[in-house]
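Student: Sharing a structure with you now.
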Amino acid sequence: MRVCVGSAGRFHTFDLARQLEKYGYLRAVYTGYPRWEVDGLPPDKVRSFPWLMGPVMLAARLGLHWVPERWNYWVHETFDRWMASRLEPCEVFHCLSGFGIHAHRVARERYGALTVCDRGSSHILYQDEILAEEYARWGIPYRPIDRRIVERELQEYEFCDRIFVPSSFAYRSFVEKGVPEAKLVKIPYGVDLSLFRPVPKEDDVFRVVYVGALSLRKGIPYLLEAVCSLRLPRFEVWLIGGCLPEVRPFLRKYEGCYRYLGFIPRKELYRYYSQGSVFVIASVEDGMGLVQAQAMACGLPVIATTNTGAEDLFTDGVEGFIVPIRNPEAIREKVLYLYEHPEIREEMARAALERVRSLGGWETYGSQVVAAYEEALKGREERVAYPAV
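Take 0 as the starting number for the sequence shown in numbering that gives the first Met the number 0 and just add one per residue.
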């Protein structure tokens, strides 16, 4: 079985590609990253087209968020056409959603390949609707997802043989929007257990840690409202990640009750997780927050909303707590509970570490993906061998 992977950015697909290479199934990875940024893969299997994706990612990191917004469609379209023009023979073509409609057609029509649309978030219409609702709640103008990108994704959902999603939350959003369950495959993401690991905590401060983009989508206003009202001794809040302009008024409002550490390289994050006491993610919409498993692998219990894929990572009340979206009171209550019950926090921390180790790392994810490929390919063969009468 030969597999080609379309991955404009890093995301989880590089981890998948590395597992496919271990199994001997990887034919090629098509990416918008420069070749030298793709580690752990043979250079001769990396096809790089960084001319648009690179500048867009750099602009976003520099805070020039209008650049990705204006270029987004052309990045999708251009990368897709480049990939379609160079796609190599394969039995499976697996591509991040929104980037592959032309390449999917080439994969099926030229090579008879199984086509897999990999969607890391909820159904794009569900996502657009809940984000529009969220921005309206705060009186902030919302720029809808580019309709051209929405149409590309909807075409992929219709065209592709399978749609991979990482969580029950994302799965339900597709069912809600009328996508047949027979097309959907739910496989939760893995975590690099060698990279994310606990190291000794250096003080006795009870520290709430958040890692990820600071945005309305990630529920930062609810997180700040929840924790900044807790005036407790030996208590601290760390926010780590890039900040979108829409959140700056909230940061100013709650200034003084948190430390903003900005962007931290991925390879260094485990040190920061390990100085925490609990990880909190208040997302309104998040297919599966990879940071949750990263935090658990560093020995942190997690407080997460229902819309983060948390239910597929841990059990409410055992390794952490799952709370409703848009509910700072529930977050505050759980943080305070763990602060006041250090023995329970320690028990949850141990359980979180044990749970994430039992789930396995990217090896487990890779083996489940391969099994899903094989099942889908077998189903196609059986339909050909035994056509409907």
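Think of the CB as a built atom: it goes at the ideal place given N, C-alpha and C, for glycine as much as any other residue.
Indicate the three-state DSSP secondary structure (helix, strand or coil) for VAL66 in the structure shown.
Tutor: Caution applies to VAL66, whose pLDDT of 49 falls short of 50 and renders its modelled position unreliable; the value that the coordinates give is listed next. Note: VAL66 maps to helix in three-state DSSP.
Student: By the three-class DSSP mapping on this structure, what secondary structure does SER357 have?
Tutor: If DSSP states are grouped into helix, strand and coil, SER357 belongs with the helices.
Student: Helix, strand or coil for GLU257 per DSSP?
Tutor: Reading off the sequence, residue 257 comes out as Tyr, not Glu. In this structure, TYR257 counts as coil in the three-state DSSP scheme.
Student: Measuring straight from C-alpha to C-alpha, what distance separates TYR110 and LEU40?
Tutor: Looking at the two C-alpha atoms, the distance is approximately 24 Å.
Student: Based on the DSSP output, what are the partners of GLU315 in its beta bridges?
Tutor: According to the sequence shown, residue 315 is Asp rather than Glu. DSSP output for ASP315 lists GLY319 as bridge partner(s).
Student: Starting from VAL236 and walking both ways along the beta strand (DSSP E), at which residues does that stretch end?
Tutor: From DSSP, the beta strand (DSSP E) with VAL236 extends over 234-239.
Student: Apply the 10 Å Cβ neighbour rule to LYS266 and answer buried if 16 or more other Cβ atoms are within range, or exposed otherwise.
Tutor: The residue in question, LYS266, is exposed, as its Cβ has fewer than 16 Cβ neighbours within 10 Å.
Student: Just checking, does the segment 177-193 make contact with the segment 355-366 on the three C-beta pairs under 8 Å criterion?
Tutor: Contact holds: three or more Cβ-Cβ distances are below 8 Å.
Student: Do GLU245 and PRO327 come within 7 Å of each other at the CB atom, strictly closer than that value?
Tutor: Result no, Cβ atoms of PRO327 and GLU245 do not sit closer than 7 Å.
Student: Please state whether the Cβ-Cβ distance between ALA294 and LEU312 is less than 7 Å.
Tutor: Not closer than 7 Å, so no.
Student: From PRO300 to PRO220, what distance separates their C-alpha atoms?
Tutor: Cα-Cα distance, rounded: 21 Å.
Student: Where ALA102 and TYR336 are concerned, what is the direct C-alpha to C-alpha distance, given to the nearest angstrom?
Tutor: C-alpha separation (whole angstroms): 51 Å.
Student: Relative to the C-alpha of ILE239, which residue among LEU95, LEU231 and PHE262 is closest?
Tutor: For the residues LEU95, LEU231 and PHE262, the minimum Cα distance to ILE239 belongs to PHE262.
Student: Evaluate ILE330 with the Cβ neighbour count: other Cβ atoms within 10 Å of its Cβ, from every protein chain shown; 16 or more gives buried, anything less gives exposed.
Tutor: Buried.
Student: Between which two residues does the beta strand (DSSP E) containing SER120 stretch?
Tutor: Premise fails: SER120 is in no beta strand (DSSP E) and is neither H nor E.
Student: Could you check how far apart the C-beta atoms of ASP127 and ILE144 are, in whole angstroms? I think they sit under 8 Å.
Tutor: Yes, they are in contact, since the Cβ atoms of ASP127 and ILE144 sit about 5 Å apart, within 8 Å.
Student: Distance cutoff 7 Å, beta carbons only. Does VAL277 sit that close to anything in chain D?
Tutor: No chain D appears in the structure shown, which is made up of a single protein chain.
Student: If I measure Cβ to Cβ from ASN306 and keep anything under 7 Å in the same chain, skipping five residues before and after, which residues do I get?
Tutor: Correct list, in chain order: PHE168, SER282, VAL283, GLU284, ASP285 and ILE324.
Student: Can you give, in chain order, each stretch of the alpha helix (DSSP H) that sits fully within the segment 152-188 and has at least 4 residues?
Tutor: Entirely contained in the segment 152-188, the alpha helix (DSSP H) runs reaching 4 residues are, in chain order, 167-175.
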